[in-house]
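Participant: In my numbering, the protein residues as written are 5 to 145.
Just so it is clear, CB atoms sit at the ideal spot from N, CA and C, and this is done for glycine as well.
These figures come from a predicted structure and were not determined experimentally.
I'd like to ask some things about the structure below.
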């Protein structure tokens, strides 16, 4: 599976203020290799299956802090970025992650995108770190 932007986000992009770090919570949840993102039908966090579990991980994932959106007129894209995310003292195994806007209710929390790690990544009583690409978390063009 490759990285994807959910189709529901493509139609709701104007309703999610990525860079409003005070009033909008954007989270990332980790999923196992058994999760198969369906960009056509998965629209809300409640549609995501096979979320990881383990020591140091809370269901629903963690918030992405200090989010920014940068317009790149040269390449005609928008770059969505934020701080790296760390699960400290954790024992977990994940194959990918799902980024979504947290409304406090999984049935109304819209999905944004899925990132495939291409292989399982794990921590054992240590830090599990999501270090985003230097170009950003997502690039939309």
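Since residue 120 and residue 11 are thought to touch, with beta carbons under 8 Å apart, how far apart are those beta carbons, to the nearest angstrom?
Facilitator: The residue you call residue 120 lines up with position 116 of the chain shown. The residue you call residue 11 lines up with position 7 of the chain shown. Contact flag wrong, Cβ pair sits at about 17 Å.
Participant: At which residues does the alpha helix (DSSP H) containing residue 13 begin and terminate?
Facilitator: Taking the chain shown and counting its residues from 1, the one referred to as residue 13 is at position 9. Residue 13 -> alpha helix (DSSP H) spans 11-16.
Participant: Is the beta carbon of residue 143 sitting closer than 8 Å to the one on residue 105?
Facilitator: Locating residue 143 in the chain shown gives position 139, where the first residue counts as 1. Locating residue 105 in the chain shown gives position 101, where the first residue counts as 1. Not in contact: residue 143 and residue 105 (Cβ atoms no closer than 8 Å).
Participant: Could you check whether residue 68 and residue 32 sit closer than 8 Å to each other, using their CB atoms as the reference points?
Facilitator: Counting from 1 along the chain shown, the entry for residue 32 is found at position 28. Counting from 1 along the chain shown, the entry for residue 68 is found at position 64. Contact flag set, yes.
Participant: With burial defined as no fewer than 16 other Cβ atoms inside 10 Å of the residue's Cβ, what is the status of residue 65: buried or exposed?
Facilitator: Against the chain shown, residue 65 aligns to sequence position 61. Buried, since its Cβ has 16 or more Cβ neighbours within 10 Å.
Participant: Report buried or exposed for residue 108, applying the criterion of at least 16 other Cβ atoms within 10 angstroms of its Cβ.
Facilitator: Translated into the one-based positions of the chain shown, residue 108 becomes position 104. It counts as exposed.
Participant: Just verifying my parser: in three-state terms, what is the DSSP assignment at residue 120?
Facilitator: Taking the chain shown and counting its residues from 1, one reaches residue 120 at position 116. In the structure shown, residue 120 sits in a strand (DSSP, three-state: E or B).
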